[in-house]
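These notes concern the structure reproduced below.
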Ligand SMILES: *Cc1c(COP(=O)(O)O)cnc(C)c1O
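Numbering (our numbering), first residue to last: -17 to 377.
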């Protein structure tokens, strides 16, 4: 017996639900890539990406996923043999570092765990020890999608400044842009990367990179530059050079519409919606966690992300059973545990095109699953989420 027919709820941390408006905006014929309309589309997308990144620097759009944006960032500012420091707080910064290592960069990881954010004091101490200034860049994620940690980027910037260090600060915002505040220029971030398919509500396939003045100076010396990713190539006089070839037109139509939706709602309201719904999820998880059979991956409440929550199953139950049940019987697709939490956790995404019924529905389905599979858990998770929203979402 299942009760899954109806609209499927995709509750994985990317790709996320694409709004019908965005799907409709993509349902049109291709256009001339040399036309004025396309030039305007490109100009408006680049300008508005800069607005969302919070930078007056340059923005670049790649026909690529987030991994492509990672490679674009690394190859444009670094050279073979350069040293970089990767700040671990889960899976993703480490993955970015592995990519850099394969490109010939010397990668050191500042060790961290899946349960805590990056410690700015540890970063400051490591950079102070680098008297020769050998470390050329610091790589960090704003939200780590595996652990569901949110890192404090201004505090990380402050640590670099306190150490008097000259390294570039490079931030992955793939699971945080359009979800929570990010202010590249105000926060002193030199390079930021993102992707289309999470907070930006567009199908996968666009990678974004923003570069500030210091990163552009480093670009002038970088030895890892390649034709496809190269920022200078993309500043060339022909429109197609912005994409190093044919633009990913339909994804751009979608992105344009998605950014319009974000601006219509207002970015401050978008962030507040995410915060309220994320907290509803956390209230539910806190209730389920009574008794300890289930719990948050991230210990400190202030370090829990507003885009995704990673939930540990401490009972020895296989989280894949829960995911499978919720998917096949209830029509809710939960995220699986990845990296060190593979087989030990599941994830509830709460990013992008989400509202109260989607989140309450997802939480309700998880609670049905926990009950049906007799996985030990505290009662009243959905009720706690309801109580939170009833108190916070004023009439
Ligand atoms: C999803 C994600 C990535 C990888 O993006 P892809 O589009 O899958 O290549 C990188 N970093 C973070 C923080 C992510 O959430």
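Just so you know, even glycine gets a beta-carbon here, dropped at the ideal spot from N, CA and C.
> For residue -3, which of 261, 278, 305 and 185 has the nearest alpha-carbon?
Replying inline: It is 185 whose Cα lies nearest to the Cα of residue -3.
>> What does DSSP give as the partner residue(s) for residue 176 in the beta ladder?
In response: 190
>> Considering Cα atoms alone, identify which of 37, 292, 327 and 65 is closest to residue 204.
In response: 65
>> Applying the 10 Å Cβ sphere with the 16-neighbour rule, what's the burial state of residue 237?
In response: That one is buried.
> In chain order, what residues of the same chain have a beta carbon less than 6 Å from the beta carbon of residue 331, not counting five sequence neighbours either side?
Replying inline: -7, -6, -5, 290 and 317
> In angstroms, rounded to a whole number, what distance separates the CA positions of residue 14 and residue 21?
Replying inline: One C-alpha to the other measures close to 10 Å.
>> For residue 361, tell me which candidate among 310, 256, 74 and 270 has the shortest Cα-Cα distance.
In response: 270
>> Less than 6 Å separating the Cβ of residue 379 from some heavy atom of ligand 1?
In response: Nothing about residue 379 can be read from this structure; the chain reaches only from -17 to 377.
> What does a CB cutoff of less than 6 Å around residue 240 pick up in its chain, not counting 5 residues either side in sequence?
Replying inline: 4, 182, 183 and 184
> Which runs of the alpha helix (DSSP H) spanning at least 4 residues fall entirely within the segment 111 to 165, listed in chain order?
Replying inline: 135 to 144
> Residue range of the beta strand (DSSP E) that residue -9 falls in?
Replying inline: -9 to -7
> Can residue 135 and residue 153 be called in contact, C-beta distance under 7 Å?
Replying inline: In contact: residue 135 and residue 153 (Cβ atoms closer than 7 Å).
> Relative to the C-alpha of residue 18, which residue among 372, 220 and 294 is closest?
Replying inline: That would be 220, whose Cα lies nearest to the Cα of residue 18.
>> Which same chain residues end up closer than 6 Å to residue 147 when comparing Cβ atoms and leaving out the 5 residues on each side of it in sequence?
In response: 109
> Between which two residues does the alpha helix (DSSP H) containing residue 307 stretch?
Replying inline: 301 to 307
> Got a sec, what are the start and stop residues for the alpha helix (DSSP H) residue 3 sits in?
Replying inline: 2 to 8
> Within this structure, are the beta carbons of residue 351 and residue 364 separated by less than 7 Å?
Replying inline: no
>> By alpha-carbon positions, which one of 61, 242, 234 and 84 ends up nearest to residue 178?
In response: 234
> Alpha carbon to alpha carbon, what distance is there between residue 132 and residue 166?
Replying inline: 16 Å
> ligand 1 heavy atoms versus the CB of residue 49: any closer than 6 Å?
Replying inline: yes
> Quick one: what's got a C-beta closer than 7 Å to residue 307's C-beta in the same chain, skipping five residues either side?
Replying inline: 351, 354 and 355
>> Closer than 6 Å to a non-hydrogen atom of ligand 1 - does that hold for the CB of residue 127?
In response: Checking the Cβ of residue 127 against ligand 1 gives yes.
>> Below 8 Å on the Cβ atoms is my contact criterion, and I expect residue 58 with residue 213 to pass it. Report the Cβ-Cβ distance as a whole number of Å.
In response: Their Cβ separation, rounded to whole angstroms, is 5 Å, which keeps residue 58 and residue 213 in contact under 8 Å.
> Which parts of the segment 207 to 265 are runs of the alpha helix (DSSP H), unbroken and 4 residues or longer, counting only runs that do not cross its ends?
Replying inline: 213 to 216 and 231 to 247
> Thinking C-beta only, is residue 92 closer than 7 Å to residue 60?
Replying inline: No, they are not a contact pair.
> Considering residue 54, what are the terminal residues of the alpha helix (DSSP H) in which it resides?
Replying inline: 48 to 59
>> So for residue 17, helix, strand or coil by DSSP?
In response: coil
> Could you give the distance in angstroms between the alpha-carbon of residue 301 and the alpha-carbon of residue 224?
Replying inline: 44 Å
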